[in-house]
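Notes for the one structure printed next.
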Amino acid sequence: MEIGTGSALEPANFIEEIIQSDLESGKHAAVLTRFPPEPNGYLHLGHCASIVLNFGTAQKYGGKTNLRFDDTNPETEETEFVEGIINDVKWLGYEPANIFYASDYFDQLYDWAVLLIKKGLAYVDFSSPEEVAAQKGTPTSPGTANQYRSTSPEENLALFERMKAGEFPDGHCTLRAKIDLGSPNMHMRDPYLYRIKHAAHHRTGTKWCIYPMYDWAHGQSDSIEKITHSICTLEFIPHRELYDWIIQQLGIFPSKQYEFARINVNYTVMSKRKLKQLVEEKYVAGWDDPRMPTIAGMRRRGYTPTSLREFVKRAGIAKREKINEVNLLEFCVREDLNKKALRRIAVLNPLKVVITNLAEGGTEWMETENNPEDPNTGKRPIAFTKTIWIDQEDFMENPPPKYFRLSPGGMVRLKSAFIIRCEEVVKDDSGNILELHCSYIPESRSGQDTSGLKVQGVIHWLSAEHAVPAEVRLYDRLFSVEDPASEDDFKKTIHPASLEVVEKAMVEPALQEAALVDRFQFMRIGYFCLDPESTRDKLVFNRTVSLKDTWKP
Ligand code: ATP
Ligand code: MG
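Rendered as structure tokens:
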């Protein structure tokens, strides 16, 4: 090792520092983390950070990670989301050591609740939520005990049994831990452990009508799995005391909780609840709409797992919340796609150009690189024919000074082909441009140019005879303000031009062979991928990101 370069296991953040020191001190022989999503929606970019942190860190230190569904709320959880989440984690490049469900532990959790009752540390409470809130006191004044707090363990056992047996309606009573009504931590003032919900669960069906609260399920699930480092977001800091208390009272494996700041990104919202509203109220086409910050949406938009992992790495794991720039995300995907994307030609707004001095059928074959960043991808032939398409944006009838593209009498180079000169602009009776008549300079062939002409502009083009039609969907940021979540109604700030559909684009024939996993750079336009709605008869491409940052609110 060179002096001063540090070891390969240099900790990248405070979580890694803790893990490294726990391994070095022998506190743990190996690291086991878990990623614990609630299956009530699709994963978003924030979850992606948590996945990279949990799986990536364990991997770095030779450990493992469980995927555990935190499925304690029967009403909001669905199998569709479970499958979506497993798919997303694997797509990001991670293999869970195990796939577990908090609901797998319902029997064990029930037994532990019985144990707590027997120890005189839990009681069945018939107070209403309002009464409980009032009795809890405030952070500056202690709570007051109600009559249920002194019920005997025997009575509580019988009542809890009846709760489980379905004898009481929803919300009729709860099981609460008996801890400390004077604690400065409100979470320690006799927190709820179980509530009654006569609802079918996606895995346990109608077996249960009492369901554990997050605090009663999470720590014990960690402990059952022998999770060494239970990493979660900052809002769980006040839960940590309860997490430790429960583990201690039950005398089970001492998993430890560590907290980091949520990842935020500007111009988007990052809460499943809000994303769900966008889907259910049809502001977007679904959870995988390419404008959504969901992993499914970003995948469909053309983001790569590498670019998302890189974004998380660069955004960093911190103890304080901050807002990350969406520019950073776009930078990461451009950087990755620049290396990987095959260069292809698309003309979004075709303008017909007739090459007057090329014979009908007089095809000239050219060659162009598939990816100059990766010479192994080779070259492909492209046909130069009598009629070609150029983009309307590359022609101006009355150009400003220093305009380097095509204008009447002016010259431009066709990428990987010849220089052409605009001889005539053909219009209809209303003055609309129908086509251009241009001549080409046969001595100006790319790579063998003996014409001696100096031409500044290079534009892309397609042989009209060979090009195929395609729909191109130009996606932009979904919101027009930096922090939509802080608005009264975040849905009112949806960016009206977040999707522009170009229905009549032309693309080169090689794109007919495109597969969903392929990534393309449409030359001079941006990065694109095939959309799953694409068919052989109707190609559809999504813009992942433009070539440069051109955002204007
Ligand atoms: P949301 O608020 O969007 O519903 P959540 O935290 O309720 O998110 P869970 O399914 O409970 O969603 O989260 C699974 C894991 O992902 C948790 O450990 C949670 O802390 C983490 N997580 C969620 N959002 C973010 C975020 N923005 N940044 C980092 N981690 C996150
Ligand atoms: Mg949640």
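Under the numbering used here, residues 789 to 1341 are what the sequence shown spells out, in order.
Virtual Cβ for every residue (Gly too), placed ideally from N, Cα, C.
All values reported here derive from a predicted model rather than from experimental measurement.
Thinking C-alpha only, which one of N1137, R1131, D1306 is nearest A1258?
Taking the sequence shown and counting its residues from 1, one reaches residue 1258 at position 470. A check of alpha carbon separations from A1258 across N1137, R1131, D1306 identifies N1137 as the nearest.
What do you reckon, is the C-beta of K1280 under 7 Å from a heavy atom of ligand 1?
Along the sequence shown, one-based indexing puts residue 1280 at 492. For ligand 1, not one heavy atom lies less than 7 Å from the Cβ of K1280.
Tell me, please, which residues DSSP counts as bridged to F1308.
Taking the sequence shown and counting its residues from 1, the one referred to as residue 1308 is at position 520. According to DSSP, F1308 bridges with L1130, F1316.
Where does G814 land, buried or exposed, given buried means 16+ other C-beta within 10 angstroms?
Residue numbering aside, residue 814 sits at position 26 when the sequence shown is read from its first letter. Around the CB of G814, fewer than 16 other CB atoms lie within 10 Å, so the residue is classed as exposed.
List in chain order: all unbroken beta strand (DSSP E) runs of 3+ residues lying wholly within the segment 952-1001.
Correct list: 962-965, 980-984, 998-1000.
According to DSSP, is I791 part of a helix, a strand, or is it coil?
Numbered from its first residue, the sequence shown carries residue 791 at position 3. With a pLDDT of only 41 at I791, under the threshold of 50, the placement of this residue in the model should not be trusted; the figure read from the coordinates follows. Correct three-state label for I791: coil.
Use the C-beta contact count for E1296: other C-beta atoms within 10 angstroms, 16 or more gives buried, fewer gives exposed.
The count along the sequence shown starts at 1 and reaches residue 1296 at position 508. Classified as buried, E1296 has 16 or more neighbouring CB atoms from the shown chains inside 10 Å of its CB.
If T1332 and F1310 are in contact, beta carbons under 8 Å, what's the gap, nearest whole angstrom?
Working through the sequence shown from its first residue, we reach residue 1332 at position 544. Working through the sequence shown from its first residue, we reach residue 1310 at position 522. Not quite, the Cβ-Cβ distance comes to about 10 Å (not below 8 Å), so this is no contact.
Taking Cβ to Cβ, would you say D1337 is nearer than 8 Å to R1261?
By one-based count along the sequence shown, residue 1337 stands at place 549. By one-based count along the sequence shown, residue 1261 stands at place 473. Cβ atoms of D1337 and R1261: not closer than 8 Å.
Check whether the Cβ atoms of I807 and H1017 lie closer than 8 Å to each other.
As a first step, residue 807 is located in the sequence shown; it is residue number 19 there, counting from the start. As a first step, residue 1017 is located in the sequence shown; it is residue number 229 there, counting from the start. For I807 and H1017, yes; Cβs fall inside 8 Å.
Apart from the five residues just before and just after Y830, which ones in its own chain have a Cβ nearer than 6 Å to its Cβ?
The residue labelled residue 830 in the question sits at position 42 within the sequence shown. Taken in chain order, the residues that qualify are G872, W1075, T1082, A1084.
Rounded C-alpha distance that separates F802 from A1171
Residue mapping note: residue 802 aligns to position 14 of the sequence shown, counting from 1. Residue mapping note: residue 1171 aligns to position 383 of the sequence shown, counting from 1. About 57 Å.
Give the range of the alpha helix (DSSP H) segment to which K906 is assigned.
Here the question's residue 906 lines up with position 118 in the sequence shown. Residues 894-906.
Here's a check: name, in chain order, each residue in its chain whose Cβ is nearer than 6 Å to the Cβ of K906, leaving out the five neighbours to either side.
Your numbering for residue 906 matches position 118 in the sequence shown. Only P941 meet the Cβ criterion.
Which value, in whole angstroms, describes the spacing of the CA atoms of A1285 and V1246?
Mapped onto the sequence shown, residue 1285 falls at position 497. Mapped onto the sequence shown, residue 1246 falls at position 458. The alpha-carbon atoms of A1285 and V1246 are separated by roughly 29 Å.
What is the DSSP secondary structure of N875, reduced to helix, strand or coil?
Start at 1 with the first residue of the sequence shown, and residue 875 comes out as number 87. Here N875 sits in helix by DSSP.
I'd like to know if the segment 1093-1105 and the segment 1139-1155 are in contact, where contact means that at least 3 CB-CB pairs between them fall below 8 Å.
Touching, no.
Please look up how many angstroms separate the CB atoms of T860 and N842, rounded, as I've assumed it's under 8 Å.
Position 72 of the sequence shown, counting from 1, holds the residue named residue 860. Position 54 of the sequence shown, counting from 1, holds the residue named residue 842. With 8 Å as the limit, T860 and N842 do not qualify as a contact, their Cβ atoms being about 19 Å apart.
Below 8 Å on the Cβ atoms is my contact criterion, and I expect K1167 with E1152 to pass it. Report the Cβ-Cβ distance as a whole number of Å.
Position 379 of the sequence shown, counted from the first residue, corresponds to residue 1167. Position 364 of the sequence shown, counted from the first residue, corresponds to residue 1152. The Cβ separation is near 16 Å, so there is no contact.
CA-to-CA distance, V1135 to A764, given in whole angstroms
Limits of the chain in this structure are 789 at one end and 1341 at the other, which puts residue 764 out of reach.
Stretch-stretch touch, CB-based, cutoff 8 Å, three pairs: the segment 964-973 with the segment 900-915:
Per the Cβ contact rule, the segment 964-973 is in contact with the segment 900-915 (3 or more Cβ pairs under 8 Å).
Counted within 10 angstroms of its Cβ, other Cβ atoms place Y1091 as buried (16 or more) or exposed
On the sequence shown, position 303 is the one that residue 1091 refers to. A residue is called buried once 16 or more other Cβ atoms fall within 10 Å of its Cβ, and Y1091 is buried on that count.
For ligand 1, is there any heavy atom lying closer than 7 Å to the beta carbon of K1060?
Here residue 1060 corresponds to residue number 272 of the sequence shown, with the count starting at 1. It does: the Cβ of K1060 is within 7 Å (strictly closer) of some heavy atom of ligand 1.
On the criterion of 16 or more Cβ atoms from any shown chain inside 10 Å, does S1274 qualify as buried, or is it exposed?
Working through the sequence shown from its first residue, we reach residue 1274 at position 486. Flag for S1274 reads exposed.
Using the C-alpha atoms, what's the distance from P1000 back to I1040?
Here residue 1040 refers to the residue found at position 252 when the sequence shown is read from its first residue. Here residue 1000 refers to the residue found at position 212 when the sequence shown is read from its first residue. Going from the Cα of I1040 to the Cα of P1000 covers about 18 Å.
I'd like to confirm something about I1051: is its beta-carbon nearer than 7 Å to some heavy atom of ligand 1, or not?
The residue you call residue 1051 lines up with position 263 of the sequence shown. True, at least one ligand heavy atom lies under 7 Å from that Cβ.
Quickly, what does DSSP pair P1138 with across the bridge? List them, please.
Position 350 of the sequence shown, counted from the first residue, corresponds to residue 1138. Beta-bridge pairing links P1138 to D1179.
Assigned exposure category for T1056 - 16 Cβ within 10 Å defines buried:
As a first step, residue 1056 is located in the sequence shown; it is residue number 268 there, counting from the start. When all chains shown are included, T1056 counts as buried.
Could you compute how far the alpha carbon of L903 sits from the alpha carbon of N1330?
Translated into the one-based positions of the sequence shown, residue 903 becomes position 115. Translated into the one-based positions of the sequence shown, residue 1330 becomes position 542. A straight line joining the alpha-carbon of L903 with that of N1330 spans about 57 Å.
For M1184, which residues in the same chain have their Cβ closer than 8 Å to its Cβ, ignoring the five residues on either side in sequence?
Counting from 1 along the sequence shown, the entry for residue 1184 is found at position 396. Around M1184: Y1191, R1193, L1194, S1195.
For D892, is the beta carbon positioned less than 7 Å from some heavy atom of ligand 1?
Counting from 1 along the sequence shown, the entry for residue 892 is found at position 104. It does not: the Cβ of D892 is nowhere closer than 7 Å to a heavy atom of ligand 1.
Let me know if G794 comes out buried or exposed under the rule of 16 or more other beta-carbons within 10 Å of its beta-carbon.
In the sequence shown, counting from the first residue as 1, residue 794 sits at position 6. Note on G794: pLDDT 43, under 50, position unreliable in the model; no value is reported.
Would you say G834 touches ligand 1, meaning its beta carbon is less than 7 Å from a heavy atom?
The sequence position of residue 834 within the sequence shown is 46, counting from 1. Under cutoff, so the answer is yes.
Within 10 angstroms of its Cβ, does V1420 collect 16 or more other Cβ (buried), or is it exposed?
Missing from the structure shown is residue 1420; the chain here goes from 789 to 1341 and no further.
Look at the Cβ atom of L734, then the Cβ atom of L1224, and state whether they are nearer than 8 Å.
The question about residue 734 has no answer here: the residues shown for the chain are numbered 789 through 1341.
Note down, in chain order, each residue of its chain lying with its Cβ closer than 7 Å to the Cβ of K1064, except the 5 sequence neighbours on either side.
Within the sequence shown, numbered from 1, the residue matching residue 1064 stands at position 276. Counting only residues of its own chain and dropping the five nearest sequence neighbours on each side, K1064 has a CB closer than 7 Å to the CB of G829.
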